[in-house]
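Working notes, structure below.
There are 2 protein chains.
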Amino acid sequence: MKTIKVFAPASVANVGCGFDVLGFALEEPGDELILRMKKSSGVTIKNESQYNSFSLNPEKNCAGKSLLKFLEAMNSKQGIEISFKKKIKPGSGIGSSAASATASVFAANELFGKPFSECELVKFAMAGEAIASGSEHADNVAPSLLGGFILIRSYSPLDLVKLPYPRKMFCALVQPDIEVKTIEARNILKKEIEFKKAIVQWGNVAGLISGLASSDFSLIGRSLEDVIVEPVRSGLIPGYFDVKKSAMDNGALGCNISGSGPSVFALCDDYHIAEKVGLWMQKAFEKKNIQCQKYVSRINHRGAIILN
Amino acid sequence: MKTIKVFAPASVANVGCGFDVLGFALEEPGDELILRMKKSSGVTIKNESQYNSFSLNPEKNCAGKSLLKFLEAMNSKQGIEISFKKKIKPGSGIGSSAASATASVFAANELFGKPFSECELVKFAMAGEAIASGSEHADNVAPSLLGGFILIRSYSPLDLVKLPYPRKMFCALVQPDIEVKTIEARNILKKEIEFKKAIVQWGNVAGLISGLASSDFSLIGRSLEDVIVEPVRSGLIPGYFDVKKSAMDNGALGCNISGSGPSVFALCDDYHIAEKVGLWMQKAFEKKNIQCQKYVSRINHRGAIILN
Numbered sequence: 000m001k002t003i004k005v006f007a008p009a010s011v012a013n014v015g016c017g018f019d020v021l022g023f024a025l026e027e028p029g030d031e032l033i034l035r036m037k038k039s040s041g042v043t044i045k046n047e048s049q050y051n052s053f054s055l056n057p058e059k060n061c062a063g064k065s066l067l068k069f070l071e072a073m074n075s076k077q078g079i080e081i082s083f084k085k086k087i088k089p090g091s092g093i094g095s096s097a098a099s100a101t102a103s104v105f106a107a108n109e110l111f112g113k114p115f116s117e118c119e120l121v122k123f124a125m126a127g128e129a130i131a132s133g134s135e136h137a138d139n140v141a142p143s144l145l146g147g148f149i150l151i152r153s154y155s156p157l158d159l160v161k162l163p164y165p166r167k168m169f170c171a172l173v174q175p176d177i178e179v180k181t182i183e184a185r186n187i188l189k190k191e192i193e194f195k196k197a198i199v200q201w202g203n204v205a206g207l208i209s210g211l212a213s214s215d216f217s218l219i220g221r222s223l224e225d226v227i228v229e230p231v232r233s234g235l236i237p238g239y240f241d242v243k244k245s246a247m248d249n250g251a252l253g254c255n256i257s258g259s260g261p262s263v264f265a266l267c268d269d270y271h272i273a274e275k276v277g278l279w280m281q282k283a284f285e286k287k288n289i290q291c292q293k294y295v296s297r298i299n300h301r302g303a304i305i306l307n
Numbered sequence: 000m001k002t003i004k005v006f007a008p009a010s011v012a013n014v015g016c017g018f019d020v021l022g023f024a025l026e027e028p029g030d031e032l033i034l035r036m037k038k039s040s041g042v043t044i045k046n047e048s049q050y051n052s053f054s055l056n057p058e059k060n061c062a063g064k065s066l067l068k069f070l071e072a073m074n075s076k077q078g079i080e081i082s083f084k085k086k087i088k089p090g091s092g093i094g095s096s097a098a099s100a101t102a103s104v105f106a107a108n109e110l111f112g113k114p115f116s117e118c119e120l121v122k123f124a125m126a127g128e129a130i131a132s133g134s135e136h137a138d139n140v141a142p143s144l145l146g147g148f149i150l151i152r153s154y155s156p157l158d159l160v161k162l163p164y165p166r167k168m169f170c171a172l173v174q175p176d177i178e179v180k181t182i183e184a185r186n187i188l189k190k191e192i193e194f195k196k197a198i199v200q201w202g203n204v205a206g207l208i209s210g211l212a213s214s215d216f217s218l219i220g221r222s223l224e225d226v227i228v229e230p231v232r233s234g235l236i237p238g239y240f241d242v243k244k245s246a247m248d249n250g251a252l253g254c255n256i257s258g259s260g261p262s263v264f265a266l267c268d269d270y271h272i273a274e275k276v277g278l279w280m281q282k283a284f285e286k287k288n289i290q291c292q293k294y295v296s297r298i299n300h301r302g303a304i305i306l307n
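Read top to bottom, the protein sequences are chains E and U.
According to numbering that gives the first Met the number 0, the first sequence is numbered sequentially starting from 0.
According to numbering that gives the first Met the number 0, the second sequence is numbered sequentially starting from 0.
Structure representation (structure tokens):
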């Protein structure tokens, strides 16, 4: 029976100003999945990871749901068994459910001889990831699959753009030991926003894309501002502005909430600065008696990969 | 007495999705101004152009007001006399007042030995241009001064970014013989917008900037959509959607309202296509019994220039 082991990385969605349209992949952490073809139809799930907060019912599991979509589109009589080695903490704002969803469809596509395009795989994974987030979005799924810095220019039709970015750019990320549910973090956002603020936001989006394309680190830093979502969601992260100040005081280009939080990321133009920034962001959380995990990495340009 | 003759070009602001933050300069038309230093203080204005819809009182004239700001910042006892040769029709949506304002401060800066930076000149011109538009914005003034494709990343502080763009890109523009007052075109916009639509808009802004940087004409075209302002302002331009359809049917990458209208622009990846697109846009207006002027040009990379 055919088996495959794959890895799909964590990712940082929104990236400050680019709510729902921008995301980039991290080198670590990431989820590992083993997929086995089985003769019977449907999806079965085994959990071999330290986390067990998710359902093993495929209809209620991000990877399971994504695979059901995949198999349905294949019109396949064969099913798939998944073994999870989940290494990304759920509810931490770095695309934990997206990585599982991505890994599952990436692996299935390999097992079945690559019948689907990257864009189609992203759509299957979006359907799975919606179980965790409450709505279909691609700003974690797409970078986790494709690697790099991804723009979702449009959702209807889905239009993914691989953005150029400076290779010598580093992300410091701290993952505090508190949980923010993506659904709740979405529900506190207003359905209407001030036009004036939207203009500020798309000015920054334009600046960020331009800075990434031209390796203008100063412009990237100036553009990493979010006048719409950060003011609301920062309230869900104790000590957030102290953490941000620590990052900026220690040389980060910019700092913001990763996805729906509570993880906080900072972009830096030097590895040693990123290490220092990560350390001081960690210390700022510890001052609030919140332990956290720190990750420092380049942007992951590979995305999902086969491990065996 | 020192004299200088200058030219500042018309410009296309907003560029579809980038309301208030994007603009590019045209090769033609443009305003010509002659500035003479005078011993007495203040600004005097002479009109030598075919248009006379503007005040000759410097406090109420775009160029005059810009110059007063300039002279105030210089703390100058000398004044300036301006002679206008206005070639851009006022109220046509291609930065007529911005070109006059820009030309005046560009010329004065040359006369006084370049005491001010580009950014400072833009600020003086913004103050002048606000007389016509009712609010200070830079998306006509900045491209008219600097040339090229300009992003106003931020207004506070003013942060101008010269964007890379494909040199082999052409703009077809039609200027119908109707007037839309910028102030009125701003007043019909709502102060609150749907968050969902804002997300669509900044996805397109990101796509446009990325497409310009990578000369991806298809991406530029897909991104030239405006889900917020065009649906409202198109109502001020009779037959607008027929004009747009004519542009798209004849090979334009994208088509939208220039600034606050009524001019309509289309971007094209070929000169002959741009000529054809311009012609068919003109015909579409003529079907509504609206005569219009047509301009086809590359993006003007020089901005304001000295003529003598």
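Even for Gly, the Cβ is constructed at its ideal location relative to N, Cα and C.
With the criterion set as a beta carbon lying under 9 angstroms from some beta carbon of chain E, the region 258-273 of chain U has no members that meet it.
Classified as buried, alanine 100(E) has 16 or more neighbouring CB atoms from the shown chains inside 10 Å of its CB. Sequence-ordered contacts of the region 192-216 of chain E with chain U read Ile192, Glu193, Phe194, Lys195, Lys196, Ala197, Ile198, Val199, Gln200, Trp201, Gly202, Asn203, Val204, Ala205, Gly206, Leu207, Ile208, Ser209, Gly210, Leu211, Ala212, Ser213, Asp215 [C-beta pairs closer than 9 angstroms].
For valine 160(U), the neighbours in chain E by C-beta distance under 7 angstroms run, in chain order, Gly206, Ser209, Leu218.
Within the same chain, and ignoring the five residues on either side of arginine 301(U) in sequence, the residues whose Cβ sits closer than 7 angstroms to its Cβ are Gly146. Below 8 angstroms, too few C-beta pairs join the region 212-220 of chain E and the region 235-242 of chain E to call them touching: fewer than three. Residues of chain U whose Cβ lies closer than 7 angstroms to the Cβ of serine 95(E) do not exist, since the nearest Cβ in that chain is about 23 angstroms away.
Residues of chain E whose Cβ lies closer than 9 angstroms to the Cβ of serine 10(U) do not exist, since the nearest Cβ in that chain is about 17 angstroms away. For serine 134(U), the closest Cβ of chain E is not nearer than 8 angstroms. Comparing alpha-carbon positions, the option among Val20(E), Leu306(E), Lys190(E) lying closest to aspartate 158(E) turns out to be Val20(E). Judged by beta-carbon spacing, leucine 34(U) lies beyond the 8 angstroms limit of leucine 120(U), meaning their Cβ atoms are not closer than that value. For asparagine 186(U), the uninterrupted alpha helix (DSSP H) run begins and ends at 181-186, by DSSP. Not flagged as an interface residue toward chain E: glycine 22(U), since no C-beta distance is shorter than 8 angstroms. Taken through DSSP and simplified to helix, strand or coil, glycine 90(U) comes out as coil.
Contact annotation: the region 247-266 of chain U touches the region 82-96 of chain U, with at least three C-beta pairs closer than 8 angstroms. One finds Val199, Gly202, Asn203, Gly206, Arg221, Ser222, Glu224 in chain U with Cβ atoms closer than 9 angstroms to the Cβ of serine 153(E), taken in chain order. Here alanine 141(E) is not near phenylalanine 264(E), since their CB atoms are 8 angstroms or more apart. For arginine 166(E), there is no enclosing alpha helix (DSSP H), since its DSSP letter is neither H nor E. According to DSSP, cysteine 254(E) shares a beta bridge with Ala265(E). Secondary structure at glutamine 49(U): coil, using DSSP grouped into helix, strand and coil. Taking leucine 306(U) as the centre and dropping the five residues before and after it, the same chain places the C-beta of Lys4, Val5, Phe6, Glu31 closer than 8 angstroms to its C-beta, in chain order. Remark: fewer than three beta-carbon pairs, one from each stretch, lie closer than 8 angstroms, so the region 180-188 of chain U and the region 277-292 of chain U are not flagged as touching.
Taking the C-beta atoms as reference points, glutamate 117(U) is found no nearer than 8 angstroms to leucine 150(U).
In the three-state DSSP reduction, phenylalanine 105(E) falls in the helix class (H, G or I). Within chain E, the residues placing a beta-carbon under 9 angstroms from that of phenylalanine 18(U) are Phe194, Ala197, Ile198, Trp201, ordered along the chain. Remark: fewer than three beta-carbon pairs, one from each stretch, lie closer than 8 angstroms, so the region 13-28 of chain E and the region 54-73 of chain E are not flagged as touching.
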